[in-house]
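Step one of this worksheet: look at the structure below.
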Amino acid sequence: MTKSNNPQLPSFLELEKSVQLFKAFGDQTRYKILFLLAEKNLTVNEIADIIGISQSAISHQLKLLRQTGLVRGLRAGQKINYQLSDRHVITIFNQVREHVREKNI
């Protein structure tokens with residue numbers, strides 16, 4: 001990052017979207033879901049089985065992740081397979097993991 005004499009703050013909309021994104025990462029259940037989806041696409045039932053909480057709780061968290069644009073669902077017959085929405089999400093997720101491991105936080 002370069003420093004300037006008059007830094008330009010992000011717009012209100014950019015700030016709001018950025019804060020919502022960080023909030024989405026700030027919940028342990030959502031973080032676990034993102035961790036699993038960084039590895040492979042999964043259904044609600046598969047996520048619930050792995051994490052060990054109810055399907056309805058997973059569905060609620062997935063709704064929040066979809067609203068922030070971190071996750072998307074792809075219908076396959078009667079099931080919906082969830083995946084991270086794009087490479088940016090994987091990059092953010094991997095950068096956070098790398099930072100935590102490096103700093104031993």
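Numbering of the sequence shown is given in the UniProt record's numbering, commencing with residue 1 and proceeding in unit increments.
Beta carbons: idealized from backbone N, C-alpha and C, even for Gly.
Distance from the CA atom of ILE53 to the CA atom of PRO7, rounded to whole angstroms, is 45 Å. It is roughly 11 Å from the alpha-carbon of ASP27 to the alpha-carbon of LEU65.
Assignment of LYS40 by DSSP, reduced to helix, strand and coil, places it in the coil class. Between the alpha carbons of GLN55 and ASN5 lies a distance of about 51 Å.
Taken through DSSP and simplified to helix, strand or coil, ASN6 comes out as coil.
Here ALA76 is exposed. Its C-beta has fewer than 16 other C-beta atoms within 10 Å.
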